[in-house]
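Visitor:
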Amino acid sequence: LVQFSQAFPHVKRESGVEESSAELQNAQEQLMISTFSEIGKLYKWMLEDGSVVVNNAVKELNEIPVKDDLLQANITRMSKIGTEISQFKLESDDKSVTKLLEYMVSFSTMMDDYEHMPNDSKLKITLKTALDNNGYNKFKNDFELRVLELFKNFDHAFAKYVTILTPEEKVKQSRFLQWHEAFTAETDNGKKLEKFDELFV
2 LVQFSQAFPH VKRESGVEES SAELQNAQEQ LMISTFSEIG KLYKWMLEDG SVVVNNAVKE
62 LNEIPVKDDL LQANITRMSK IGTEISQFKL ESDDKSVTKL LEYMVSFSTM MDDYEHMPND
122 SKLKITLKTA LDNNGYNKFK NDFELRVLEL FKNFDHAFAK YVTILTPEEK VKQSRFLQWH
182 EAFTAETDNG KKLEKFDELF V
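Taking my numbering, I'd label the letters of the sequence shown as residues 2 to 202.
Okay, structure coming up:
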């Protein structure tokens, strides 16, 4: 959210827009607000549903009678992050939004570390069993569907935005428009998500 709020003016500067009509400014604000809303909903869902999966997996892992130090360290990490996230309530103030982003980074980093563990390692097999038993695969599938829905809603909002651009404004914002053409043309969901991330750079 913070990245996007910085990125949109960045796009406008690069596209050469120096002055905007009231109508264009309003359209830019509406595109930004709608994207804020969509990303916020995705993040909120990820933390709410993800924390349930993680916390239930932790309960199962804690029942293992003998744990080595590495497994215990991962259980402790999962428990800390899962508990903190489950207790988080999103408010409309800046502090709450910042906290949301911090939790998203913590959660995403933890799950990325898990995904990149060697598949044949004892640790990965143990964690995978607990996570899979508690809905991790469904969570990943639901996430992919929600990302596709985010893309769809963004495209709809972008289409509305483009309709108010004059030919001159389209020339000035050519870089932004070209980015969207490349984004729309990408068919691989993983690469499409990477392309979407470029908007925040």
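We put the beta carbon where it would ideally sit given N, CA and C, even for glycine. Nothing here was measured: the structure is a model prediction, and the numbers come from that model.
Do three or more CB pairs link the region 62 to 79 to the region 149 to 159 at distances below 8 Å?
Guide: no
Visitor: With the cut-off set at 8 Å, would you say residue 199 and residue 193 are in Cβ contact?
Guide: In the sequence shown, residue 199 corresponds to position 198, counting from 1. In the sequence shown, residue 193 corresponds to position 192, counting from 1. It is not a contact, given that the beta carbons lie outside the stated cut-off.
Visitor: Rounded to whole angstroms, what is the Cα-Cα separation between residue 83 and residue 119?
Guide: Your numbering for residue 83 matches position 82 in the sequence shown. Your numbering for residue 119 matches position 118 in the sequence shown. Those two C-alpha atoms are separated by around 23 Å.
Visitor: Count the other CB atoms within 10 Å of the CB of residue 88; is the residue buried (16 or more) or exposed (fewer)?
Guide: For the purposes of this step, residue 88 is identified with residue 87 of the sequence shown, where counting begins at 1. Per the 10 Å Cβ criterion, exposed.
Visitor: Could you tell me the alpha carbon to alpha carbon distance between residue 153 and residue 126, rounded to whole angstroms?
Guide: Here residue 153 refers to the residue found at position 152 of the sequence shown. Here residue 126 refers to the residue found at position 125 of the sequence shown. Each residue's Cα considered, the two are about 36 Å apart.
Visitor: Please report how far the alpha carbon of residue 31 lies from the alpha carbon of residue 115, in whole angstroms.
Guide: Taking the first residue of the sequence shown as 1, we reach residue 31 at position 30. Taking the first residue of the sequence shown as 1, we reach residue 115 at position 114. Each residue's Cα considered, the two are about 38 Å apart.
Visitor: Beta-carbon within less than 7 Å of residue 91's beta-carbon, same chain only, minus the 5 sequence neighbours each way: which residues are those?
Guide: For the purposes of this step, residue 91 is taken as the residue at position 90 of the sequence shown. Hits under 7 Å: 45, 97 and 101.
Visitor: Specify the secondary structure class of residue 121 as computed by DSSP and reduced to three states.
Guide: By 1-based counting over the sequence shown, the position of residue 121 is 120. Coil at residue 121, not helix or strand.
Visitor: Pull up the CB-CB distance for residue 23 and residue 135, whole angstroms please, since I reckon it's below 8 Å.
Guide: As a working note, residue 23 is residue 22 in the sequence shown. As a working note, residue 135 is residue 134 in the sequence shown. Contact doesn't hold; Cβ gap of about 52 Å is too wide.
Visitor: Rank 132, 144, 190 and 171 by C-alpha distance to the C-alpha of residue 60 and give the top, closest one.
Guide: Stepping through the sequence shown from its first residue, residue 60 is reached at position 59. The option with the nearest alpha carbon to residue 60 is 132.
Visitor: So, for residue 169: in the same chain, excluding its five sequence neighbours on each side, which residues have a beta-carbon less than 6 Å away from its beta-carbon?
Guide: The residue labelled residue 169 in the question sits at position 168 within the sequence shown. Nothing listed; no residue qualifies.
Visitor: For residue 105, I'd like the list of residues in its chain whose CB is within less than 8 Å of its CB, leaving aside the five on either flank, ordered along the chain.
Guide: Reading the sequence shown from its first residue, position 104 is the one you call residue 105. Around residue 105: 44, 47 and 48.
Visitor: Taking C-beta to C-beta, are residue 140 and residue 54 nearer than 8 Å?
Guide: Position 139 of the sequence shown, counted from the first residue, corresponds to residue 140. Position 53 of the sequence shown, counted from the first residue, corresponds to residue 54. Yes; because the gap between Cβ atoms is below 8 Å, this pair is in contact.
Visitor: Work out the CA separation of residue 189 and residue 36 for me, nearest whole Å.
Guide: In the sequence shown, the residue the question calls residue 36 occupies position 35. In the sequence shown, the residue the question calls residue 189 occupies position 188. Going by the C-alpha atoms only, they are around 21 Å apart.
Visitor: Quick check on the DSSP output: what are the complete alpha helix (DSSP H) runs of length 4 or more inside the region 76 to 125, in order along the chain?
Guide: DSSP runs (the alpha helix (DSSP H)) wholly in the region 76 to 125: 95 to 116.
Visitor: Hey, could you find the ends of the alpha helix (DSSP H) residue 198 is sitting in?
Guide: Within the sequence shown, numbered from 1, the residue matching residue 198 stands at position 197. Where residue 198 is concerned, the enclosing alpha helix (DSSP H) stretches over 190 to 198.
Visitor: If I measure Cβ to Cβ from residue 142 and keep anything under 7 Å in the same chain, skipping five residues before and after, which residues do I get?
Guide: Stepping through the sequence shown from its first residue, residue 142 is reached at position 141. Answer for residue 142: no residue qualifies.
Visitor: Nearest-angstrom Cα distance between residue 70 and residue 124?
Guide: Counting from one through the sequence shown, the residue named residue 70 turns up at place 69. Counting from one through the sequence shown, the residue named residue 124 turns up at place 123. Distance between the alpha carbons of residue 70 and residue 124: 11 Å.
Visitor: Could you name the residues of the same chain whose beta carbon sits closer than 8 Å to that of residue 50, not counting the 5 residues immediately before and after it, in chain order?
Guide: Counting from one through the sequence shown, the residue named residue 50 turns up at place 49. Same-chain partners within the cutoff: 140 and 143.
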